[in-house]
Structures are given as structure tokens and as C-alpha cells.
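Residue numbers for the sequence shown, in mature numbering (1 follows the signal peptide of the UniProt record, and there is no 0): -31 to -1, 1 to 89. Idealized CB from N, CA, C, for every residue including glycine. Small disclaimer: the values here were computed from a predicted structure and weren't measured. Have a look at the structure below before the remarks.
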Amino acid sequence: MHKMQSIRQAAFLLAATMLFLSLASSAFAHATTLWCYVENNRVYVEAFFMGGKKVQDAKVIAVNDKGEKILEGKTDKEGKFNFEPPYQGKMTILLKVDDAHGADFELTEEDFLDAAAETE
């Protein structure tokens, strides 16, 4: 009887571990990645989920260093969005996919200076 109880406990632990791992890998597979860069006086935004799926139709918001919204747009079917910034300096790009998914990326004044130097 004691041996049977040990087998049941082991089976339960194995099932619980498998469930946990499947949920964890599912959550990781949906992690959102945001990449931003400056080129030719434009800010380029690329958004994707881990695994490579493009983030389509997600809200992109640029805010200044005071947290004030300076512009808003949406990613296209390739997970991309670009804009001409109203100024060249520190700003944060926010990606809002839904209530559970999002990301942010900080651009610095140096990013704009480096991009300008590359075009000279």
C-alpha cells in the first residue's frame, strides 16, 4: 500500500512538472521584443514575438523624457513602424500589444548623433 501511494505521488509530481513546463514555454514563446534605431532622420521600430512572429497592428507610442506623449502609431503587417521624430534627443518608444504584452525601448541623444555621423 505504501508503495502504491509513492507511485501516485511520483505520477502527480511528474504531471504537475510537465504542466508547469508547458505553460512556461508557452509564456516565453509569446514574449514581445522591440527593436528601434535611427536612420536618415527617422526612427524605425520593429516588433516581434520570440520565435519570430511579427507583432501586427500594435500601438506604438513615443514619449519624451518627461513622460509626455509626442506621437502615436501602429505596426504594419511586418511588425514595423517608422516616423520622423519631432526632435532628436532622448525618448522612449512604447509598444502595447494587449494588456499582457508590451515592450519599451529607450533612444538616447547619442543614437541620433551616431545616425547623423553615419550619413556624413
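- Taking every protein chain shown into account, the CB of glutamate 15 has 16 or more other CB atoms within 10 angstroms, so this residue is buried.
- The closest CA to that of leucine 40, considering only Asp67, Ile30, Thr88, is found on Ile30.
- Residue nearest to aspartate 45 within the set Leu64, Asn33, Asp34, Gly36 is Leu64 (criterion: CA-CA distance).
- In the displayed model, aspartate 73 falls within a strand according to three-state DSSP.
- Look at alanine 84 here: in three-state DSSP terms it is helix.
- Between phenylalanine 52 and valine 12, the CB-CB gap stays under 7 angstroms.
- Listed as beta-bridge partners of alanine -1 by DSSP are no residues whatsoever.
- Of the candidates Ala72, Glu47, Phe81, Asp67, the residue whose Cα lies closest to the Cα of proline 54 is Phe81.
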